[in-house]
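FYI, in our numbering the residues of the sequence shown are 162 to 249. Remarks on the structure that follows.
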Amino acid sequence: MNQLPKPKKPKRTVEQKQQENLAKGLPKNYGLPWAETDAQQVIEKYQANVAIQDIASDMARKSSSIVSLLKKHDIISEQQVISMGIRF
Numbered sequence: 162m163n164q165l166p167k168p169k170k171p172k173r174t175v176e177q178k179q180q181e182n183l184a185k186g187l188p189k190n191y192g193l194p195w196a197e198t199d200a201q202q203v204i205e206k207y208q209a210n211v212a213i214q215d216i217a218s219d220m221a222r223k224s225s226s227i228v229s230l231l232k233k234h235d236i237i238s239e240q241q242v243i244s245m246g247i248r249f
């Protein structure tokens, strides 16, 4: 039995993905890759004691995305994540 491969979905633009996110009630940049300048901005804001929820709002992301980025860049530890009570 030969199965034909599924046709590939056409690539959506960043703007299309952002519009879909907003239509679903998600933050505008949910699930999109981080630009290096945005990642650096998150780190700087965190180090300036800006609340994670405020950073998430400013960056149109979820709080869990901010925490994940900070953890990836070794700015916060797993223990700090647990103490924050943010699940991701």
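Virtual Cβ for every residue (Gly too), placed ideally from N, Cα, C.
Worksheet item: Just how far apart, CA to CA, sit residue 237 and residue 172?
Response: 34 Å
Worksheet entry | Secondary structure of residue 238, DSSP reduced to three states | coil
Worksheet item: Candidates 196, 214, 197, 177: which alpha carbon is nearest residue 189's?
Response: 177
Discussion item. Alpha carbons only, please: which of 182, 235, 213 is nearest the one belonging to residue 246?
Written reply: Considering only alpha carbons, the answer is 213.
Worksheet item: What is the DSSP secondary structure of residue 247, reduced to helix, strand or coil?
Response: coil
Worksheet entry | Whole-number beta carbon distance between residue 187 and residue 287, since they are thought to touch under 8 Å | The first residue shown for the chain is 162 and the last is 249, placing residue 287 beyond what the model contains.
Worksheet item: If we call anything under 7 Å between Cβ atoms a contact, is residue 203 one with residue 227?
Response: yes
Worksheet item: What are the start and end residues of the alpha helix (DSSP H) that includes residue 175?
Response: 175-184
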